[in-house]
Amino acid sequence: MSPQEMMQRKANATPRGVGVMCSFFAERAKNAEIWDTEGKRYIDFAGGIGVLNTGHLHDKVQAAVAEQLNKFSHTCYQVVPYELYLDVAEQLNALTPGDFAKKTAFYTTGAEAVENAVKIARAATGRPGIIAFGGAFHGRTLMGMALTGKVAPYKIGFGPFPSDVYHAAFPNELHGVSIDDSIASIEKLFKFDIEASRVAAIIFEPVQGEGGFYAAPAEWVRRLRALCDSHGILLIADEVQAGFGRTGKLFAMEHYDVTPDMTTMAKSLAGGFPLSAVVGKAEIMDAPAPGGLGGTYAGSPLALAAAKAVIETINEEKLLDRANKLGGILKETLNGLKAEIPQIADVRGLGAMVAVEFNKPGSHDADADFTKKVQTKALESGLLLLTCGLYGNVVRFLFPLTIEDAVFEEALQKLVAALKA
Ligand code: PMP
Numbered sequence: 010m011s012p013q014e015m016m017q018r019k020a021n022a023t024p025r026g027v028g029v030m031c032s033f034f035a036e037r038a039k040n041a042e043i044w045d046t047e048g049k050r051y052i053d054f055a056g057g058i059g060v061l062n063t064g065h066l067h068d069k070v071q072a073a074v075a076e077q078l079n080k081f082s083h084t085c086y087q088v089v090p091y092e093l094y095l096d097v098a099e100q101l102n103a104l105t106p107g108d109f110a111k112k113t114a115f116y117t118t119g120a121e122a123v124e125n126a127v128k129i130a131r132a133a134t135g136r137p138g139i140i141a142f143g144g145a146f147h148g149r150t151l152m153g154m155a156l157t158g159k160v161a162p163y164k165i166g167f168g169p170f171p172s173d174v175y176h177a178a179f180p181n182e183l184h185g186v187s188i189d190d191s192i193a194s195i196e197k198l199f200k201f202d203i204e205a206s207r208v209a210a211i212i213f214e215p216v217q218g219e220g221g222f223y224a225a226p227a228e229w230v231r232r233l234r235a236l237c238d239s240h241g242i243l244l245i246a247d248e249v250q251a252g253f254g255r256t257g258k259l260f261a262m263e264h265y266d267v268t269p270d271m272t273t274m275a276k277s278l279a280g281g282f283p284l285s286a287v288v289g290k291a292e293i294m295d296a297p298a299p300g301g302l303g304g305t306y307a308g309s310p311l312a313l314a315a316a317k318a319v320i321e322t323i324n325e326e327k328l329l330d331r332a333n334k335l336g337g338i339l340k341e342t343l344n345g346l347k348a349e350i351p352q353i354a355d356v357r358g359l360g361a362m363v364a365v366e367f368n369k370p371g372s373h374d375a376d377a378d379f380t381k382k383v384q385t386k387a388l389e390s391g392l393l394l395l396t397c398g399l400y401g402n403v404v405r406f407l408f409p410l411t412i413e414d415a416v417f418e419e420a421l422q423k424l425v426a427a428l429k430a
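Listed below in structure tokens is the structure:
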């Protein structure tokens with residue numbers, strides 16, 4: 010069946026709210042390449058939105074899932090537990106930042122991990138309030154949306170949202186929000202909206218993902234931690250997009266000298282299988298009563314088998330070094346084009362969590378049209394790129410860290426051509 014016919018079936022059978030970026034359909038994929046049903050090949054710099062740091066169907070991940078599939082696919086962990094859950098929990102407790110006893114609970118999606126981090130924070134503190142940041146993305150569930158600091162397209166028509174959620178300004182030098190401005194905006198919340206003693210947690214992305222790939226400044230993270238400590242507020246790092254090697258460290262918080270009380274993770278944790286986790290201080294994680302946490306599919310054995318293989322692969326293939334290497338080459342390439350392409354306003358990134366931001370030449374006005382054109386041109390040439398940012402003027406790069414050198418080089422050529430076109 011032709012892609013055009015399938016797009017028509019999509020329109021007839023599924024709601025328009027589930028939008029799709031591409032008008033072709035996937036047939037198969039391996040590492041950094043996808044082939045569509047017409048046999049056309051694409052280089053995947055989207056990674057299913059940051060899920061594929063170890064690539065499509067990494068041999069090790071595929072073998073681990075196949076092996077598990079021969080044993081059992083589901084029991085529901087809360088009914089009949091399995092050792093895999095403990096294996097990966099112990100590994101995450103050891104691998105996440107923080108020199109204290111930790112515990113881990115598994116879920117299925119990033120939004121579910123965020124929801125549960127909020128539940129745990131409320132149970133641990135006995136307080137209702139949650140503070141998030143403008144530009145943040147925390148998921149499409151009701152609490153996820155409430156925490157998300159971007160109205161279009163995520164929140165339109167879906168309110169009312171859960172109460173006691175507040176937004177402060179995320180520090181962003183490029184857009185004129187200083188560290189002082191951001192901290193002052195939190196202090197203002199304590200004056201205008203909610204007393205600090207009723208706030209359970211502050212949740213933030215160490216590197217904002219959907220918001221535009223802005224890394225939090227180190228001094229700000231330090232001040233955020235101090236502010237939390239002075240008011241008994243928990244600090245939650247949402248590493249759903251930044252975690253699992255993207256930034257050149259296993260967790261983005263390893264770039265900072267403070268530790269969060271809880272970390273949420275998903276996406277590249279299980280190399281394409283649905284798995285998320287909340288890892289946190291043991292006493293905080295133990296606040297909810299037995300039966301208060303879990304889910305039918307939470308901690309799927311297939312996904313946990315994949316996660317175990319992902320952790321092994323990141324170590325064996327030195328993917329953190331590779332993130333830094335490939336991110337460096339990409340930044341160098343983009344920086345080298347600044348003189349020729351005046352729309353390039355900023356090139357940034359920790360490790361391979363790289364982005365390029367476009368403004369109208371000679372101005373501070375976001376150039377979403379140019380951004381869209383680059384994405385379209387790249388797609389025509391067989392390179393999948395994702396955009397992001399509050400103003401839709403950022404291209405972000407989420408290629409597999411396992412990408413072959415030759416494929417990476419080919420992708421850069423396509424990228425440069427799309428930028429120049
Ligand atoms: N938090 C962050 C930082 C994310 O980037 C995302 C997904 N883009 C989510 C939460 C939600 O994850 P999911 O789509 O798996 O629910």
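When we follow this note's numbering, the leftmost residue of the sequence shown carries the number 10, and every step to the right adds one.
Every residue gets a Cβ at the ideal spot worked out from N, C-alpha and C, and that includes glycine.
On a predicted model such as this, the values are computed, not experimentally measured, just so you know.
If one requires a minimum length of 3 residues, the beta strand (DSSP E) runs lying completely within the segment 27-82 are 35-39, 42-45 and 50-53, in chain order.
For residue 212, the three-state secondary structure derived from DSSP is strand.
In the DSSP assignment, residue 231 falls within the unbroken alpha helix (DSSP H) covering 227-240. Residue 214 has its CB nearer than 7 Å to a heavy atom of the ligand PMP. Taking C-beta atoms as the reference points, residue 129 and residue 296 count as a pair closer than 8 Å. In this model, residue 33 and residue 46 are separated by some 7 Å (Cα to Cα). Per the C-alpha coordinates, the member of 243, 249, 193 and 337 positioned closest to residue 277 is 249. Here DSSP, grouped into helix, strand and coil, assigns residue 89 to coil.
Proximity of the segment 152-169 to the segment 323-330 falls short of the contact definition, fewer than three beta-carbon pairs being nearer than 8 Å. DSSP places residue 94 within a helical segment (H, G or I) once states are collapsed to three. Exclusion of the five residues before and after residue 119 leaves 148, 249, 275 and 285 as the residues of its chain whose Cβ lies within less than 6 Å of its Cβ.
Within the segment 92-176, the runs of beta strand (DSSP E) at least 3 residues long that lie entirely inside it are, in chain order, 111-116 and 138-142. Going by DSSP, residue 362 is part of the beta strand (DSSP E) stretching over 362-367. Exclusion of residue 109 from the 7 Å shell around the ligand PMP follows from its C-beta lying no nearer than that to any non-hydrogen atom of the ligand.
At a threshold of 7 Å, residue 142 does not count as near the ligand PMP, since its beta carbon sits no closer than that to any of the ligand's heavy atoms. Residue 375 carries a strand assignment under DSSP once its states are collapsed to helix, strand and coil. Not a single heavy atom of the ligand PMP lies less than 7 Å from the C-beta of residue 17. Around the C-beta of residue 90, fewer than 16 other C-beta atoms lie within 10 Å, and the residue is accordingly described as exposed. With respect to residue 213, residue 235 sits apart: the two C-beta atoms are not nearer than 8 Å. Residue pairing from DSSP places residue 223 in a beta bridge opposite 217.
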